[in-house]
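I have placed the structure first, in the form of structure tokens, so that the comments after it can refer back to it.
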């Protein structure tokens with residue numbers, strides 16, 4: 001019951017006029033970011049992070065998380081109307097959303113997408129409200145070995161669950177760890193991997209990497225494809241919305257399944273993109289109209305949107321309660337916490353009650369506000385896409401430069417951003433996943449610290465990671481996740497051999 | 500090469516990916532060398548600074564070796580991109596490099612105006628009126644949002660000094 005009281009206090013915080021205004025600004029900015037190519041949740045939040053330096057932390061996190069919700073909503077608009085996914089997690093939405101728009105059912109598709117997004121997010125927020133305090137409470141007993149085991153599990157899930165080849169995921173992840181190690185070693189105070197460059201004393205900031213890899217890299221990819229937008233008009237009126245809402249409850253099973261898939265994929269750091277594909281795939285297999293998927297089935301819009309939004313929201317659960325972000329955007333939010341002087345992890349729930357519960361309450365309100373905003377303003381947002389890319393591209397590049405500079409007021413960072421951008425373009429083309437790279441830069445120092453402290457306690461024996469039931473369990477889960485695809489393959493082969 | 504027509508020519512995916520894999524491996528080697536310099540054994544306060552990155556570097560090299568093997572064995576005979584597409588990409592990379600390099604000297608605002616103006620005029624072929632409006636408007640709006648409202652200072656050059664901003 002204590003949680004309920006805390007949540008009500010949270011609502012009191014989130015409902016302050018200034019915070020409501022911040023929420024609205026965040027949602028609108030977020031939808032714009034989600035609609036524009038080259039600006040996504042992660043780098044959009046990273047670019048706008050400096051604007052929050054002078055705000056109180058609670059308002060700052062409300063604004064940034066609302067940008068995130070907005071971006072999640074915005075991705076669907078471009079997928080359905082233009083067949084261009086504004087965000088990777090809305091690729092699956094194009095499969096049935098765009099055909100629906102072509103058949104003149106854009107309004108239905110958009111309403112279904114937005115409503116499903118809302119349902120997915122709501123499910124995930126309720127889960128966070130109930131589960132996060134328990135997890136945080138549990139995690140308070142963690143020693144360094146358990147902490148390292150949690151990081152180990154997080155990174156192993158990347159290797160096992162991502163659709164990229166496992167050794168590419170490992171290579172990308174390890175590059176992130178190496179970049180995180182550059183500079184001052186936090187334990188011994190010794191310099192390492194700087195090779196005499198004074199610019200590298202403080203190491204690589206992951207915000208610069210995010211802006212470069214996701215922002216600049218995405219622009220370069222878009223340039224290569226030579227985008228020209230073509231698409232139908234967005235018309236949504238109250239009648240269409242109400243009619244669509246009447247039909248939605250019949251798909252409750254799809255929604256529920258997608259919520260569960262989304263939450264699961266969001267907590268294990270696989271993220272919104274695989275969640276949306278997985279949900280679409282499973283629904284296609286079990287749905288009555290599954291054979292007609294791809295020709296404009298409304299269920300084919302509901303499934304990926306619900307899962308993507310649930311996953312995007314659920315990614316904040318491990319970020320808040322364990323200090324392990326479940327997605328690149330959650331990682332940027334975690335970076336924000338550090339900048340505002342808050343220590344992410346279980347202690348947040350003890351020391352920063354107002355902050356945590358204000359954020360959780362703002363998730364309920366933010367998604368509701370988001371739903372209203374996108375339903376009423378779709379035509380305006382769709383019009384943004386008609387602004388030609390040769391105007392939008394330089395503006396986004398300038399914004400990226402501003403964002404990169406203002407993190408540390410350093411022009412060297414702007415050059416680094418560009419290098420990361422070209423790197424991001426090449427890696428993406430070669431099918432290397434970028435999310436584990438970014439998460440490794442964020443968590444590298446903490447993971448290493450936990451690892452070294454555990455070894456120090458055990459005099460260098462790796463047995464410390466299997467020294468008690470709790471840490472062994474987490475490590476074993478990590479190993480299962482690591483070899484998940486191999487296990488699956490082996491199982492399929494075994495069954496084929498038996499049959 | 501899957502086709503012989505001139506417009507579909509370009510570097511093969513295999514070549515580029517093999518090159519990138521080698522670059523990643525090289526990065527791993529650099530990390531290993533740096534770690535060895537920092538010391539990878541145990542010191543007075545436990546594992547020394549190079550201990551963790553050393554193994555990270557080792558992982559990079561080993562996984563790159565496996566990736567390289569997969570690339571060379573792979574059946575992907577497609578193009579990485581056509582030359583025309585790469586030219587498009589370079590038409591963004593080169594001016595952006597100049598832009599980023601100019602910021603320390605001209606300040607962000609002047610560099611941004613020239614960059615946006617160039618981009619719109621050269622790639623977008625807009626008339627000068629539109630070009631001027633966007634190229635000057637965006638940095639001015641930025642100035643008010645960042646420096647005035649949110650108090651985030653951005654790099655300035657001689658022009659801003661002369662204007663007394």
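Protein chains in written order, with this note's numbering: chain A, 1 to 499; chain B, 500 to 664.
Here a beta-carbon is modelled for each residue, glycine too, at the ideal position from N, C-alpha and C.
- Message: Per the DSSP calculation, residue 88 of chain A is bridged to which residue(s)?
- Response: None, per the DSSP bridge assignment.
- Looking at the C-beta of residue 657 of chain B, does it have a partner C-beta in chain A at a distance below 8 Å? no
- Message: Using beta carbons (cut-off 8 Å, strictly below), is residue 511 of chain B in contact with chain A?
- Response: no
- Strand pairing of residue 192 of chain A, partner residues [DSSP]: A:183
- Message: Less than 8 Å between the beta carbons of residue 82 of chain A and residue 385 of chain A, yes or no?
- Response: yes
- Item | From A:419, A:242 and A:64, residue whose alpha carbon lies closest to that of residue 50 of chain A | A:64
- Query: Counting only beta-carbon atoms, is residue 448 of chain A nearer than 8 Å to chain B?
  - Reply: yes
- Query: Should residue 185 of chain A be flagged as near chain B, meaning a C-beta pair shorter than 8 Å?
  - Reply: yes
- Is residue 329 of chain A near residue 42 of chain A, with beta carbons less than 8 Å apart? yes
- Message: I'd like the list of long-range same chain contacts for residue 658 of chain B, defined as Cβ closer than 8 Å, with 5 residues on each side in sequence excluded.
- Response: 605, 606, 608 and 609
- Message: By alpha-carbon positions, which one of B:564, B:543 and B:533 ends up nearest to residue 551 of chain B?
- Response: B:533
- Query: Between residue 321 of chain A and residue 132 of chain A, is the Cβ-Cβ spacing less than 8 Å?
  - Reply: yes
- Task: Could you check the C-alpha separation between residue 396 of chain A and residue 39 of chain A for me, to the nearest Å?
- Result: 7 Å
- Message: Please list, in chain order, the residues of the stretch 102-135 of chain A that have any C-beta partner in chain B closer than 8 Å.
- Response: none
- Mind listing the chain E neighbours of residue 541 of chain B? Cutoff is C-beta to C-beta under 8 Å, in chain order. Absent here is chain E; the protein component of the structure consists of chains A and B.
- Beta bridge counterpart(s) of residue 541 of chain B as assigned by DSSP: B:546
- Show which residues of chain A have a CB atom less than 8 Å away from the CB atom of residue 643 of chain B. Going along chain A, no residue has its Cβ under 8 Å from residue 643 of chain B, so there is no contact; the nearest lies around 12 Å.
- Item | Test item: CB-CB of residue 178 of chain A and residue 559 of chain B under 8 Å | yes
- Beta-carbon of residue 498 of chain A versus every beta-carbon of chain B: anything under 8 Å? no
- Message: Does chain B have any CB closer than 8 Å to the CB of residue 429 of chain A?
- Response: yes
- Task: Kindly list, in the order they appear in chain A, the residues whose Cβ is closer than 8 Å to that of residue 549 of chain B.
- Result: 192
- Message: Can you tell me whether residue 627 of chain B is buried or exposed? The criterion is at least 16 other CB atoms within 10 Å of its CB, across all chains shown.
- Response: exposed
- Query: What residue ranges within the stretch 98-167 of chain A form continuous alpha helix (DSSP H) runs of no fewer than 4 residues, ordered along the chain?
  - Reply: 106-139 and 144-161
- Please work out which residues of its chain come closer than 6 Å, Cβ to Cβ, to residue 61 of chain A, disregarding the five sequence neighbours upstream and downstream, and give them in chain order. 359
- Message: Between the stretch 538-552 of chain B and the stretch 176-193 of chain A, can you find at least three pairs of beta-carbon atoms closer than 8 Å?
- Response: yes
- Residues in the stretch 548-582 of chain B having any Cβ partner in chain A nearer than 8 Å: 548, 549, 550, 551, 552, 555, 556, 558, 559, 562, 563, 565, 566, 569, 579 and 580
- Message: Using a 10 Å radius around the Cβ and a threshold of 16 neighbouring Cβ atoms, would you call residue 31 of chain A buried or exposed?
- Response: buried
- Task: Label residue 12 of chain A either buried or exposed according to how many other C-beta atoms from any shown protein chain fall within 10 Å of its C-beta, with 16 as the threshold for buried.
- Result: exposed
- Give the straight-line distance between the Cα atoms of residue 581 of chain B and residue 514 of chain B, rounded to the nearest whole angstrom. 14 Å
- Closer than 8 Å at the beta carbon, the chain B residues around residue 405 of chain A: 602, 607, 653 and 654
- Message: Going residue by residue through the stretch 544-583 of chain B, where are the continuous alpha helix (DSSP H) segments of at least 4 residues, counting only ones entirely within it?
- Response: 550-572
- Look at the alpha carbon of residue 350 of chain A and the alpha carbon of residue 344 of chain A, and state the distance between them as a whole number of angstroms. 11 Å
- Query: Nearest-angstrom Cα distance between residue 587 of chain B and residue 85 of chain A?
  - Reply: 21 Å
- Task: Determine whether the Cβ of residue 646 of chain B lies closer than 8 Å to any Cβ atom of chain A.
- Result: no
- Query: Beta-carbon of residue 329 of chain A versus every beta-carbon of chain B: anything under 8 Å?
  - Reply: no
- Message: According to DSSP, simplified to helix, strand and coil, what is residue 606 of chain B?
- Response: strand
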